[in-house]
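Student: Residues -31 to -1, 1 to 323 (mature numbering (1 follows the signal peptide of the UniProt record, and there is no 0)) make up the sequence shown, in order.
Below is a structure I'd like to ask you about.
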Amino acid sequence: MTRKRTSLIAALGAVGIAAASLTAFSPAAFAGPGGGRGHDHGHGRQTCELEAPASVGGDLGAHDPGLFAPCEDGEPWFLFATGWGPLGEGNITIRTSADDGATWTYVDTVWDVKPEWLTEAVPGVDNLWAPEISYDARQGRYYLYYSASTFGNQRSVIGLATNTTLDPADEDYEWVDEGLVWESNAGDPYNAIDPAILQAGGKHYMAYGSWWQGIYMLELDWPSGKVEDGAEPVHVAGRGGAGIEAPALVKHGRYYYLFTSWDVCCAGADATYNIRVGRSTSPTGPFTDADGVALTEGGGTLVLGAHGDYVATGGQSIVNGLMAYHSYHEDGHFDMGIEAIEWTRDGWPVLDGA
């Protein structure tokens, strides 16, 4: 399919305007099997290249957007995003588009009340952050990963919810709390937020991380979607304590690509977020950038940062040739954008923010 780029619309609906006023955030009629961050149908590969909308509008106040865009024509798209304010006590928000991503409407939150274990595990938790959505056709289940933390703190958990349908009119619609997947505490080399899932070689992996020593990866038990006892995380990207978070994974050609967001996320017009990338022939690395610098040694090739009236871009997700992200405007609010990933002749991703 011919791919088009989007232009960001600097307009928010009532929900979006309220959401855009918050700054304390972390660093998709109903779809059948579709996507997630860097994979399709829960099988770690792209199955189509979708056409990006010429522009996006409606409720764009989606922070850390997890895009769910099915290949099938006429199927709605979904967007899961960081929670905010009073909506479902800060639970993950859900938006839908009936016109292939051009117009977005706020629908609901995953839960009306946070699971009790979350509030016990992370005292003071407000918003749930950075969702990752995946569908496993063999299991007939949607897997929604998310993180719970408080801003700037290392006591964090990654949780999992599952559902057999995304249609709230279906009698089987119910987000089931599957509990804890992984956690971090003060003194760990990582912060357990911003999960991203990849299937490769018959195995499932979860990348995660924010600041501290950076991005780590774990193999998951499947189909439980959890981490097995004794699993050891692998360090895949870091900047020696500088800002790096929000991994997203995708396979293109013979390479696995690890995208991350660098620098300061959530400071309104002072935000400096930018998207970087490295690649590897193995799903667990080592990843290197276009100059051959290892991502564990501070490497990362710039994909998109400031553009037009926007001062920062990050929180990315990838599905079926598209990348969704949020960008902070120079007036301080943020908007969600979607555009097609272009690939250079030597296999590096390109975005222009247009």
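Just so you know, even glycine gets a beta-carbon here, dropped at the ideal spot from N, CA and C.
Starting from tryptophan 86 and walking both ways along the beta strand (DSSP E), at which residues does that stretch end?
Tutor: Here tryptophan 86 belongs to no beta strand (DSSP E); instead the alpha helix (DSSP H) covers 85 to 90.
Student: Kindly indicate the opening and closing residues of the beta strand (DSSP E) around glutamate 214.
Tutor: Unbroken beta strand (DSSP E) run through glutamate 214: 213 to 221.
Student: If you reduce the DSSP assignment to three classes, tell me which class aspartate 239 lands in.
Tutor: Three-state DSSP puts aspartate 239 in a helix.
Student: Does the count of Cβ pairs from the stretch 250 to 264 and the stretch 198 to 209 closer than 8 Å reach three?
Tutor: Taking 8 Å as the limit for Cβ pairs, the verdict is that the stretch 198 to 209 does touch the stretch 250 to 264.
Student: Kindly indicate if chain D contains any beta-carbon less than 9 Å away from that of histidine 295.
Tutor: In the structure shown, chain D does not exist; there is a single protein chain.
Student: Leaving aside the five residues before and after cysteine 17 along the sequence, list all residues of the same chain whose C-beta is less than 6 Å from its C-beta, in chain order.
Tutor: These residues qualify, in order along the chain: Cys40 and Asn289.
Student: Check this for me: beta carbons of glycine 284 and alanine 99, under 9 Å apart or not?
Tutor: Yes, Cβ-Cβ distance for glycine 284 and alanine 99 is below 9 Å.
Student: Between the stretch 111 to 126 and the stretch 82 to 101, are three or more C-beta pairs nearer than 8 Å?
Tutor: Cβ pair count under 8 Å is three or more, so yes.
Student: How would you call aspartate 304, buried or exposed, if buried means at least 16 neighbouring beta carbons within 10 angstroms?
Tutor: Buried.
Student: Tell me where the beta strand (DSSP E) around tryptophan 46 begins and ends.
Tutor: Where tryptophan 46 is concerned, the enclosing beta strand (DSSP E) stretches over 46 to 50.
Student: For threonine 282, name the three-state secondary structure that DSSP assigns.
Tutor: The answer is strand: DSSP assigns threonine 282 an E or B state.
Student: Who are the Cβ neighbours of glycine 194 in its own chain at under 6 Å, not counting the five residues just before and after it?
Tutor: Excluding sequence neighbours, glycine 194 sits near Tyr112 and Leu129.
Student: Please report the Cβ distance between glycine 52 and isoleucine 61, rounded to the nearest whole angstrom; I am assuming they are in contact, meaning their Cβ atoms lie under 8 Å.
Tutor: Confirmed, Cβ separation roughly 5 Å.
Student: Whole-angstrom Cβ separation of glutamate 152 and alanine 161, contact assumed at under 8 Å?
Tutor: Going by Cβ atoms, the distance from glutamate 152 to alanine 161 rounds to 5 Å, so yes, they are a contact pair.
Student: Name the two residues that bound the continuous beta strand (DSSP E) containing threonine 270.
Tutor: From DSSP, the beta strand (DSSP E) with threonine 270 extends over 270 to 273.
Student: Give every residue of the same chain whose Cβ lies closer than 6 Å to the Cβ of aspartate 77, excluding the five residues on either side of it in the sequence, and list them in chain order.
Tutor: Only Ile63 meet the Cβ criterion.
Student: So, for glutamate 299: in the same chain, excluding its five sequence neighbours on each side, which residues have a beta-carbon less than 8 Å away from its beta-carbon?
Tutor: Correct list, in chain order: Ala238, Asp278, Tyr279 and Val280.
Student: Drop a sphere of 10 angstroms on the beta-carbon of glycine 183, count the other beta-carbons inside from all chains shown, and report buried for 16 or more, exposed for fewer.
Tutor: The residue in question, glycine 183, is buried, as its Cβ has 16 or more Cβ neighbours within 10 Å.
Student: Which of the three DSSP states, helix, strand or coil, is assigned to leucine 56?
Tutor: Helix at leucine 56.
Student: In whole angstroms, give me the CA-to-CA distance for glutamate 311 and alanine 21.
Tutor: About 12 Å.
Student: Out of Pro318, Gly109, Thr74 and Gly57, point me to the one whose CA is closest to tyrosine 226's CA.
Tutor: Nearest C-alpha to tyrosine 226: Pro318.
Student: Which whole-angstrom value is the C-beta distance of proline 252 and alanine 169, which I expect to be below 8 Å?
Tutor: Proline 252 to alanine 169, Cβ: 4 Å. Contact.
Student: Taking the beta strand (DSSP E) that leucine 167 falls in, what are its first and last residues?
Tutor: Its beta strand (DSSP E) spans residues 165 to 169.
Student: Does glycine 57 pass the burial test, meaning 16 or more other C-beta atoms within 10 Å, or should it be called exposed?
Tutor: It counts as buried.
Student: Comparing alpha-carbon positions, which option in Ala259, Asp42 and Gly59 lies nearest glycine 70?
Tutor: It is Asp42 whose Cα lies nearest to the Cα of glycine 70.
Student: Going by DSSP in three states, glutamate 266 sits in which element: helix, strand or coil?
Tutor: Of the three classes helix, strand and coil, the one that applies to glutamate 266 here is helix, per DSSP.
Student: What residue range does the beta strand (DSSP E) around aspartate 304 cover?
Tutor: Taken as a continuous stretch (DSSP letters only), the beta strand (DSSP E) holding aspartate 304 covers 303 to 309.
Student: Put leucine 129 into one of helix, strand or coil per three-state DSSP.
Tutor: In the structure shown, leucine 129 sits in a strand (DSSP, three-state: E or B).
Student: How many whole angstroms separate the CB atoms of threonine 270 and valine 246, which I take to be in contact at a CB cut-off of 8 Å?
Tutor: Contact holds; Cβ gap of about 5 Å.
Student: Between valine 79 and tryptophan 144, which are expected to be in contact by the criterion C-beta below 8 Å, what is the C-beta distance as a whole number of angstroms?
Tutor: Contact flag correct, Cβ pair sits at about 5 Å.
Student: Verify whether the separation of the beta carbon atoms of aspartate 159 and tyrosine 185 is less than 9 Å.
Tutor: The amino acid occupying residue 159 in the given sequence is tyrosine; aspartate does not appear at that position. Yes, the pair counts as a contact, with Cβ atoms nearer than the cut-off.
Student: Going by DSSP, what residue range makes up the beta strand (DSSP E) through proline 100?
Tutor: Taken as a continuous stretch (DSSP letters only), the beta strand (DSSP E) holding proline 100 covers 97 to 105.
Student: Taking glycine 301 as the reference, which of Arg248, Thr241, Ala215 and Ser24 has the closest Cα?
Tutor: Measuring from the Cα of glycine 301, the nearest candidate turns out to be Thr241.
Student: Can you tell me whether proline 55 is buried or exposed, with buried defined as 16 or more other CB within 10 angstroms of its CB?
Tutor: With fewer than 16 Cβ atoms within 10 Å of its Cβ, proline 55 is classed as exposed.
Student: Take arginine 110 and list the residues in its own chain whose beta-carbon comes closer than 8 Å to its own, dropping the five residues that flank it on each side.
Tutor: For arginine 110, where only same-chain residues beyond five positions count, the Cβ hits under 8 Å are Tyr104, Thr131, Asn132, Thr133 and Pro192.
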